[in-house]
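Chains as they are written, first to last, in UniProt numbering: chain A, 1 to 410; chain B, 1 to 410. Every residue gets a Cβ at the ideal spot worked out from N, C-alpha and C, and that includes glycine. Down below is the structure, laid out as structure tokens.
There are 2 protein chains.
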Amino acid sequence: MQTVVVKFGGPMLATTEKIVQVAKKVIKEQGRGINLVVVVSSMTPIRQNLRQFAAEITHEPSKRDMDALIATGAQLTSALLAIAIQEHGGKAVSLVGWQAGIQTNEKYGNARIDFVDNKRIEKHFELGEIVVVSGFQGITETDNISTLGKGGSETSAVALAVALNAERVDIYSSVEGIYTADPQRVESATKLSEISYDEMLEFSNLGTKILHPRAVELAKKYNMPIVVRSAKEDVEGTLIKGDVDMEKNLLVRGVAYESDIIRLTIGYDSYETASLAEVFSVLAENDINVDIIVQAVIDGIKPTISFTISKVEFAEALRVLESSKLSLGFSFADFEVGLAKVSIIGSAMASNPGVAARMFARLGREHIPVKMVSTSEIKVSVVVPQEDMVYAANALHEEFNIAMKEVPAS
Amino acid sequence: MQTVVVKFGGPMLATTEKIVQVAKKVIKEQGRGINLVVVVSSMTPIRQNLRQFAAEITHEPSKRDMDALIATGAQLTSALLAIAIQEHGGKAVSLVGWQAGIQTNEKYGNARIDFVDNKRIEKHFELGEIVVVSGFQGITETDNISTLGKGGSETSAVALAVALNAERVDIYSSVEGIYTADPQRVESATKLSEISYDEMLEFSNLGTKILHPRAVELAKKYNMPIVVRSAKEDVEGTLIKGDVDMEKNLLVRGVAYESDIIRLTIGYDSYETASLAEVFSVLAENDINVDIIVQAVIDGIKPTISFTISKVEFAEALRVLESSKLSLGFSFADFEVGLAKVSIIGSAMASNPGVAARMFARLGREHIPVKMVSTSEIKVSVVVPQEDMVYAANALHEEFNIAMKEVPAS
Numbered sequence: 001m002q003t004v005v006v007k008f009g010g011p012m013l014a015t016t017e018k019i020v021q022v023a024k025k026v027i028k029e030q031g032r033g034i035n036l037v038v039v040v041s042s043m044t045p046i047r048q049n050l051r052q053f054a055a056e057i058t059h060e061p062s063k064r065d066m067d068a069l070i071a072t073g074a075q076l077t078s079a080l081l082a083i084a085i086q087e088h089g090g091k092a093v094s095l096v097g098w099q100a101g102i103q104t105n106e107k108y109g110n111a112r113i114d115f116v117d118n119k120r121i122e123k124h125f126e127l128g129e130i131v132v133v134s135g136f137q138g139i140t141e142t143d144n145i146s147t148l149g150k151g152g153s154e155t156s157a158v159a160l161a162v163a164l165n166a167e168r169v170d171i172y173s174s175v176e177g178i179y180t181a182d183p184q185r186v187e188s189a190t191k192l193s194e195i196s197y198d199e200m201l202e203f204s205n206l207g208t209k210i211l212h213p214r215a216v217e218l219a220k221k222y223n224m225p226i227v228v229r230s231a232k233e234d235v236e237g238t239l240i241k242g243d244v245d246m247e248k249n250l251l252v253r254g255v256a257y258e259s260d261i262i263r264l265t266i267g268y269d270s271y272e273t274a275s276l277a278e279v280f281s282v283l284a285e286n287d288i289n290v291d292i293i294v295q296a297v298i299d300g301i302k303p304t305i306s307f308t309i310s311k312v313e314f315a316e317a318l319r320v321l322e323s324s325k326l327s328l329g330f331s332f333a334d335f336e337v338g339l340a341k342v343s344i345i346g347s348a349m350a351s352n353p354g355v356a357a358r359m360f361a362r363l364g365r366e367h368i369p370v371k372m373v374s375t376s377e378i379k380v381s382v383v384v385p386q387e388d389m390v391y392a393a394n395a396l397h398e399e400f401n402i403a404m405k406e407v408p409a410s
Numbered sequence: 001m002q003t004v005v006v007k008f009g010g011p012m013l014a015t016t017e018k019i020v021q022v023a024k025k026v027i028k029e030q031g032r033g034i035n036l037v038v039v040v041s042s043m044t045p046i047r048q049n050l051r052q053f054a055a056e057i058t059h060e061p062s063k064r065d066m067d068a069l070i071a072t073g074a075q076l077t078s079a080l081l082a083i084a085i086q087e088h089g090g091k092a093v094s095l096v097g098w099q100a101g102i103q104t105n106e107k108y109g110n111a112r113i114d115f116v117d118n119k120r121i122e123k124h125f126e127l128g129e130i131v132v133v134s135g136f137q138g139i140t141e142t143d144n145i146s147t148l149g150k151g152g153s154e155t156s157a158v159a160l161a162v163a164l165n166a167e168r169v170d171i172y173s174s175v176e177g178i179y180t181a182d183p184q185r186v187e188s189a190t191k192l193s194e195i196s197y198d199e200m201l202e203f204s205n206l207g208t209k210i211l212h213p214r215a216v217e218l219a220k221k222y223n224m225p226i227v228v229r230s231a232k233e234d235v236e237g238t239l240i241k242g243d244v245d246m247e248k249n250l251l252v253r254g255v256a257y258e259s260d261i262i263r264l265t266i267g268y269d270s271y272e273t274a275s276l277a278e279v280f281s282v283l284a285e286n287d288i289n290v291d292i293i294v295q296a297v298i299d300g301i302k303p304t305i306s307f308t309i310s311k312v313e314f315a316e317a318l319r320v321l322e323s324s325k326l327s328l329g330f331s332f333a334d335f336e337v338g339l340a341k342v343s344i345i346g347s348a349m350a351s352n353p354g355v356a357a358r359m360f361a362r363l364g365r366e367h368i369p370v371k372m373v374s375t376s377e378i379k380v381s382v383v384v385p386q387e388d389m390v391y392a393a394n395a396l397h398e399e400f401n402i403a404m405k406e407v408p409a410s
């Protein structure tokens, strides 16, 4: 019998009423004659309450005990969903992370999955039960409860699917799939029927919040298909898989953007005092995510380095740089706020060097200043003023004719 | 090093502010140079929320998944308390039931502890950590989460104390100890410095809510001393132990009462149709607790049986009896509401047959009608009209001169 792992996020489980809706949906899914694992996150209001409780006691809780605290969230949802499935005529069992065999390392708050022991879930399959698993959590070798950090629930789902040799992972979401651009802001955006892991990774990394890159990376590693689909509408979603042959001819697959970017620049008097690697080590140690990095030289001898961070991490980044100024040896630091990042993505780009040039030309014609540039094999990102972000996304979506190629006009 | 297990109930952990108070208290306790285990219940509002969630989905949740749900409550408290202890300078680790080695049978919702594996807690002691354990829960042989039912947190504490060969269990409570009678209603009530397990069992069974009889029974079995003490005031509590030699001369140790009692009577036409044992089997199967039972014969041939139940179980008891009327074969049933039970307790009573007579005589002089009587080796209970309950308790407290004997006038 085929196995499918499905995942529902916090907003889809925010109330008991919504949990009952999910219960009915998964009973119907299992009715198609499959083994079904349902991975759930914490109900959104519960997660907030748990963090609030801890914050009332301290701003630096121990990560180990914080994980024991946070893990109660998804345990609560999985128990409630199992109860709801039973109430509506299905057979179900709820399992917390350790019961589902999710073994992790000891990095509390951001643990990595080492392996999944599928024995217990297989037994519940034999009983015809829908197995509801608390996502985002596991157990360490020393029998401590761990949580998986950002993207943890989706990563749980992919890891379970791999261990159970599942057919695919269905990620139920508030949107109907992956779009060529944000349909809220780019009028001609269309839903993709398929997308490759690499392209999806770029979409995820570039601010599309639907699926965390960590889960996509794991799926890519084991070639596990993921479908992003709507929890509300019964329409086809977007299949994420290894190769997307049918659409290889499409140069640019989509446009992504991310707002509230800040550019930080730090400069050194000379190469002797510059320790560029150390800057990023210090930032990484303080969990500040740096995105685009550009290095330049002023006056032929004064090296500067610019990088982008998100607005929410700005204050912390400044604090870290200030307190490390002496050891890092830089002579000045400044910043620019009110920026955004716009990216074009497509795996065919690698073999087509003209894509970036065409992107810059179009932005030039639209009088949109490009502040920073970053490229990879399958994407080009530019940093532009925040107020130009949506306009730039629309222009690029049109420039590369994305919508037209994806869905023929009907 | 001596080991002490302490237990805090839900009302003492109802807010993060209260949790911080408990944290400071246990840090001080451990500072006396002991190994310390702290058993905690669910924060009172959380427990209510959890049950409410399930009730919104169904009125008959599966007990197994309900246990997974309810267990999150104490897990949350134990994690928060460990975090609070660390924040205030102590070393602590939180453990859920299975991590603390509490193995139970599979009777979900009302599981019994089979044994406690103390290995992990001993390891944390070696690290100098205060071990905060989620009470009320354990793990079954098949690795399912179970909860212990009524009195579960106190029972966890006693079981852990036995397994760790602890010096004693401290039950922190909203009261300062066990009183000769309810100090709110009996003016001359005084705190007992010591009380025997058997006497405490009677107090617990007779409506004193401080300590569940199940925990007392376990403590009695292993001769584990329990101290009931105030969470607020640093005053001596009441020590519950095997023998209370010093006060053996005291005939009656205390007066207890319980309000909102209902008497149910069912009658049969003849002995042939009567199946008295079956009545109580049916009630027990439906989890209805029957207290005092009195059997009588009317007209020489018609047997009747009267028993008391608490008001909250009245509707359910009627429903059960009604639906089993045919199979039970009784001819009529009636009931009397507005009753209360008043009891005198004392282990010296066994060797003094005049105590009950003196109790009835005094109640007679006070014109308090006695509706039912029940006696044991160490207590006599009478059922009286609810409105006479407090007056009867005061009269009996005076009659047996309890306050005078316990604490000499100073």
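Starting from the C-beta of residue 354(A), find all residues in its chain whose C-beta is less than 8 Å away, skip the five residues before and the five after it, and write them out in chain order. none
Nearest candidate by alpha-carbon position, reference residue 100(A), set 64(A), 67(A), 56(A), 156(A): Residue 100(A) has its Cα closest to that of 156(A), out of 64(A), 67(A), 56(A), 156(A).
CB-CB under 8 Å to residue 47(B), same chain, minus the five flanking residues each way: which ones, in chain order? 10, 41, 70, 73
Could you work out which residue in 393(A), 162(A), 294(A) is closest to residue 220(A) when comparing CA atoms only? 162(A)
Show which residues of chain B have a CB atom less than 7 Å away from the CB atom of residue 12(A). Here the premise fails: no neighbours, minimum Cβ distance about 16 Å.
Buried versus exposed, by CB contacts within 10 Å (16 or more), residue 254(A): buried
Could you tell me whether the Cβ of residue 69(A) comes closer than 8 Å to any Cβ of chain B? yes
Answer with yes or no whether the minimum CB distance from residue 61(B) to chain A is below 8 Å. Closer than 8 Å to the CB of residue 61(B) there is at least one CB belonging to chain A.
Tell me which residues share the same chain as residue 393(B) and place their Cβ nearer than 6 Å to its Cβ, disregarding the 5 neighbours each side in the sequence. 181, 186, 255, 257, 342
Report the neighbours of residue 37(A) on chain B: residues whose CB is nearer than 7 Å to its CB, in chain order. Those within 7 Å of residue 37(A) in chain B number zero; the least Cβ separation is about 16 Å.
Neighbouring residues, chain B, relative to residue 143(A) (Cβ below 8 Å): 99, 120
Can you tell which of 1(B), 26(B), 2(B), 3(B) has its C-alpha closest to the C-alpha of residue 12(B)? Per the Cα distances, 26(B).
Taking 8 Å as the CB-CB limit, is residue 44(B) close to chain A? no
If I measure Cβ to Cβ from residue 151(A) and keep anything under 6 Å in the same chain, skipping five residues before and after, which residues do I get? 212, 214, 215
Of all Cβ atoms in chain B, is any one closer than 8 Å to the Cβ of residue 79(A)? yes
If the cut is a Cβ gap below 7 Å, which residues of chain A does residue 411(B) touch? With chain B running from 1 to 410 in the structure shown, residue 411(B) is simply not present.
Just curious, the beta strand (DSSP E) that residue 34(B) is in, first and last residue? Residue 34(B) -> no beta strand (DSSP E), and no H or E assigned at all.
How many Å lie between residue 7(A) and residue 63(A) at the Cα? 26 Å
Roughly how many angstroms lie between the CA atoms of residue 98(A) and residue 1(B), to the nearest whole one? 33 Å
By the criterion of Cβ-Cβ separation under 7 Å, what are the contact partners of residue 16(B) in chain A? 53, 56, 57
Is it buried or exposed for residue 301(A), if we count other Cβ within 10 angstroms and need 16 for buried? exposed
Can you grab the Cα-Cα spacing for the pair residue 65(A) / residue 143(B), in whole Å? Computed Cα separation, rounded: 22 Å.
Quick one: which residues of the stretch 335-353 of chain B get their C-beta closer than 8 Å to a C-beta of chain D? List them in chain order. In the displayed structure, chain D is absent; the protein chains listed are A and B.
Contact list for the stretch 110-138 of chain B against chain A, Cβ threshold 8 Å: 120
When you compare only the Cα positions, how much space is there between residue 3(B) and residue 34(B)? So the alpha carbons of these two residues sit roughly 6 Å apart.
Under 8 Å, do residue 227(B) and residue 238(B) count as touching if we go by C-beta distance? yes
Just the chain A side, please: which residues come within less than 7 Å of residue 84(B) by C-beta, in chain order? 57
Give the secondary structure of residue 55(B) by DSSP, where H, G and I count as helix, E and B as strand, and everything else as coil. helix
Given residue 18(A), which residues of its chain have a CB within under 7 Å of its CB, disregarding the five upstream and five downstream residues? 12
Less than 8 Å between the C-beta atoms of residue 240(B) and residue 333(B), yes or no? No, the pair does not count as a contact, with Cβ atoms beyond the cut-off.
Can you tell me which of the three DSSP states residue 385(B) falls into? strand
Whose Cβ in chain B lies nearer than 9 Å to the Cβ of residue 72(A)? 71, 72, 73, 75, 76, 79
Could you tell me whether any Cβ in chain B is nearer than 8 Å to the Cβ of residue 19(A)? yes
Check whether the Cβ atoms of residue 102(A) and residue 189(A) sit closer than 8 Å, and answer yes or no. no
Buried or exposed by the 16-neighbour rule on C-beta atoms within 10 Å, applied to residue 397(A): buried
Cβ atoms of residue 225(A) and residue 271(A): under 8 Å apart, would you say? No, Cβ-Cβ distance for residue 271(A) and residue 225(A) is not below 8 Å.
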